[in-house]
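What follows is a single structure, written as structure tokens, with notes after it.
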Amino acid sequence: MKRIKYACLAQTIHFALKDDVSHEEAVNLVKREAEAYRQGLDRRKIRYRVEEELTQPDGSILLRLRRQYNAYPCGDYLA
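Numbering (my numbering), first residue to last: 89 to 167.
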């Protein structure tokens, strides 16, 4: 029988700019969207660690993180 002891997801999320608004407004919306994503993880009590947050030349955000998978313990993945 197999049992999962620890589980963690590695994610890369690209928060892209919206086309139907001005560039400055689109950059602000992307920043708020990325922050709302992090707040949602905190609110749902999902453990995570941001590995890297890159602002692209066009103003979009690339977020690389490790996060808890379902309710499994993360072990050393997020240490």
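Built from N, CA and C at the ideal position, the CB exists for glycine as well.
Only a predicted model underlies this, so the values are computations on that prediction, with no experimental measurement involved.
I149, buried or exposed, once every other Cβ within 10 Å from all chains shown has been counted against 16: Counting from one through the sequence shown, the residue named residue 149 turns up at place 61. Looking at its Cβ environment, which holds 16 or more other Cβ atoms inside 10 Å, I149 is buried.
Label V118 either buried or exposed according to how many other C-beta atoms from any shown protein chain fall within 10 Å of its C-beta, with 16 as the threshold for buried. Counting from one through the sequence shown, the residue named residue 118 turns up at place 30. Buried, because 16 or more other Cβ atoms sit within 10 Å of the Cβ of V118.
I need the boundaries of the alpha helix (DSSP H) containing V115, first residue and last residue. As a first step, residue 115 is located in the sequence shown; it is residue number 27 there, counting from the start. 111-131 is the extent of the alpha helix (DSSP H) around V115.
Figure out for me which residue from R154, T143, D146 has the closest Cα to the Cα of L129. Numbered from its first residue, the sequence shown carries residue 129 at position 41. Minimum Cα distance to L129 is reached at R154.
Buried or exposed: where does Q144 fall if 16 or more other Cβ atoms within 10 Å of its Cβ makes it buried? Working through the sequence shown from its first residue, we reach residue 144 at position 56. By the 10 Å Cβ count, Q144 comes out exposed.
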